[in-house]
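Only one structure is covered here, and it is reproduced in the block below.
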Amino acid sequence: MLITPRSDKLNRIVILNPKGGCGKSTLATNIAAHYAQRGPTPAIMDYDPQGSTTAWLDRRSAAYPEIHGIAAFKKTMQATRSWQLRVPTETKNLIVDSPASLNHDNLRELTRDATSILVPVLPSSMDIHAASRCIADLLLVAKIDRNDRKLAVVANRTRKRTRSFSKLMRFLDSLGIPIIAVLRDSQNFVHAAEQGVGLCEMQPSRVRQDVEQLDRIIDWLDAWESRRRLGGIAKDRREQAKVDVAAANDDNRGFVRRFDFAR
Ligand SMILES: Nc1ncnc2c1ncn2[C@@H]1O[C@H](COP(=O)(O)OP(=O)(O)OP(=O)(O)O)[C@@H](O)[C@H]1O
Ligand SMILES: [Mg+2]
Numbered sequence: 073m074l075i076t077p078r079s080d081k082l083n084r085i086v087i088l089n090p091k092g093g094c095g096k097s098t099l100a101t102n103i104a105a106h107y108a109q110r111g112p113t114p115a116i117m118d119y120d121p122q123g124s125t126t127a128w129l130d131r132r133s134a135a136y137p138e139i140h141g142i143a144a145f146k147k148t149m150q151a152t153r154s155w156q157l158r159v160p161t162e163t164k165n166l167i168v169d170s171p172a173s174l175n176h177d178n179l180r181e182l183t184r185d186a187t188s189i190l191v192p193v194l195p196s197s198m199d200i201h202a203a204s205r206c207i208a209d210l211l212l213v214a215k216i217d218r219n220d221r222k223l224a225v226v227a228n229r230t231r232k233r234t235r236s237f238s239k240l241m242r243f244l245d246s247l248g249i250p251i252i253a254v255l256r257d258s259q260n261f262v263h264a265a266e267q268g269v270g271l272c273e274m275q276p277s278r279v280r281q282d283v284e285q286l287d288r289i290i291d292w293l294d295a296w297e298s299r300r301r302l303g304g305i306a307k308d309r310r311e312q313a314k315v316d317v318a319a320a321n322d323d324n325r326g327f328v329r330r331f332d333f334a335r
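Heads up, the sequence shown is in this note's numbering, so the first residue is 73 and it goes up one at a time.
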C-alpha cells in the first residue's frame, strides 16, 4: 500500500546544498543502503534531473536489500503529482536527494515537511562561501529554526590537517550548527557509487573508517523524534519567556501610571 509522504511517523531526510558535486547523492545512497540493510525498506526520492540516485538504484543488484525509488524529477502526464510522490506505508525513512541550484520556491517546498536536513560541504573557499549562502537561505527563506535541531552539516571529502579543512570547521562552528560527521576523500565512495551499493555493503576491513562516520550520521538521523521533542520544549520555553517579559512590562507600566497619579 502507498501513502503520500506526510505521515507523522516518517523521518523525511532532505539532503541539499545548491553547490554541485558536494556529495548530496553520495550521502543519499549511503544512508539509503544503511536503512535497507537494517529494514524496513527505505525510500529515495530523486529530485535531481540528472537522476544520479535513480541510476544508482538501477545499477543495484537484486541480491542487496531493497530500496524503494521515486523519480520525482520526471514529469508525468498520467498521474497527479501526489500520486507520483507516494511512498510505501511501511516506510520509516524517506531520503530526498535534491538538485544543484535550487530557487527559493523549490527550497521552501523541499524543506516544508523535512524532519532532518543534511548539508554536505566540501572544504574549499568557494564551497564554504556557497554553503554559508545555502545555510542563510535555509534559516531566512525556508524559515528553518536552528532551535528545532533539524539541521546538520556533513563535512565531505576532507583531508585532515589542511588549512581549508580547519577553515571549514571554524566556519561551521561559528554558525552553531552541528557538524555530525567528517567524511574523508576516499575512492571507496566512488566504487560504491559505481556498483550500486553503500559502503556498509562493502568489505568491512576496507571501509571501517568511513562507515564509522556514516554511523554517526545515522545516529543523528535516528534521533529525529527526540530532536523534535527537544525543539518543541525549547520553543515553549521561549514563548513562555516572551509572555513573562510582556507581563513584567505591563506591571512596570501600571506602576508608572500609579506613580504619576499619586504625584
Ligand atoms: N567522500 C568522497 N570521497 C571521494 N569522492 C567522493 C566523495 N563524496 C563524493 N565523491 C564523488 O564526488 C562526485 C560528486 O558527488 P555527488 O554526485 O554525490 O555530488 P552531488 O552533490 O550529488 O552533485 P550534483 O550537485 O551534481 O547532484 C562523485 O563522483 C562522487 O563519487
Ligand atoms: Mg546529485
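All C-beta atoms in this analysis are idealised placements derived from N, C-alpha and C, irrespective of residue type, glycine included. Fair warning: this is a prediction, and the values are worked out from it, not measured in the lab.
So that I know if they touch, is there some Cβ in chain D lying closer than 8 angstroms to that of residue i?
i, result
"ALA208", "The structure shown contains no chain D; it holds only a single protein chain."
Let me know if residue i comes out buried or exposed under the rule of 16 or more other beta-carbons within 10 Å of its beta-carbon.
i, result
"TRP155", "exposed"
"MET73", "Bear in mind that a pLDDT of 44 at MET73, under 50, signals an unreliable position, so the number given afterwards is only what the model happens to contain. Exposed."
"ILE85", "buried"
"HIS140", "buried"
"ASN89", "buried"
"PRO195", "buried"
"ASP270", "Per the sequence presented here, residue 270 reads as Gly, with Asp not at that position. It is buried - the Cβ of GLY270 has at least 16 other Cβ atoms within 10 Å."
"SER321", "The displayed chain sequence assigns Asn, not Ser, to residue 321. Exposed: under 16 other Cβ atoms inside 10 Å."
"ASP80", "exposed"
"LYS162", "The amino acid at residue 162 is misidentified as Lys; the sequence shows Glu. By the 10 Å Cβ count, GLU162 comes out exposed."
"ILE87", "buried"
Does the beta carbon of residue i fall short of 7 angstroms from some heavy atom of ligand 2?
i, result
"SER97", "yes"
"GLN156", "no"
"ASP287", "no"
With respect to 7 angstroms, is the separation between the Cβ of residue i and the closest non-hydrogen atom of ligand 1 below this value?
i, result
"ASP322", "no"
"ASN228", "yes"
"PRO171", "yes"
"PHE261", "yes"
"GLN281", "no"
"SER124", "yes"
Where DSSP assigns a beta bridge to residue i, which residues make up the other side?
i, result
"MET198", "In DSSP, MET198 forms no bridge with anything."
"SER188", "ILE85"
"MET149", "Paired residues: none, contrary to the question."
"VAL168", "VAL86, MET117"
"HIS140", "ALA115"
"THR230", "ARG256"
"ILE305", "According to DSSP, which records beta bridges pairwise, ILE305 is partnered with nothing at all."
Suppose contacts are defined by Cβ-Cβ distances below 8 angstroms. Is residue i in contact with residue j by that definition?
i, j, result
"ASP177", "PHE145", "no"
"LEU212", "ILE189", "no"
"GLY95", "ASN228", "yes"
"LEU179", "ALA214", "yes"
"SER124", "GLY268", "no"
Pair every Cβ in the stretch 281-301 with every Cβ in the stretch 312-319, then say whether three or more of these pairs are closer than 8 angstroms.
Per the Cβ contact rule, the stretch 281-301 is not in contact with the stretch 312-319 (fewer than 3 Cβ pairs under 8 angstroms).
Taking contact to mean at least 3 C-beta pairs separated by less than 8 angstroms, is the stretch 258-267 in contact with the stretch 147-166?
No, because fewer than three Cβ pairs between the stretch 258-267 and the stretch 147-166 fall closer than 8 angstroms, the two stretches do not touch.
The stretch 239-246 touching the stretch 276-287, judged by at least three CB pairs closer than 8 angstroms
Taking 8 angstroms as the limit for Cβ pairs, the verdict is that the stretch 276-287 does not touch the stretch 239-246.
Would the stretch 164-180 and the stretch 98-117 be scored as touching if the rule is three or more Cβ pairs under 8 angstroms?
Segments in contact, yes.
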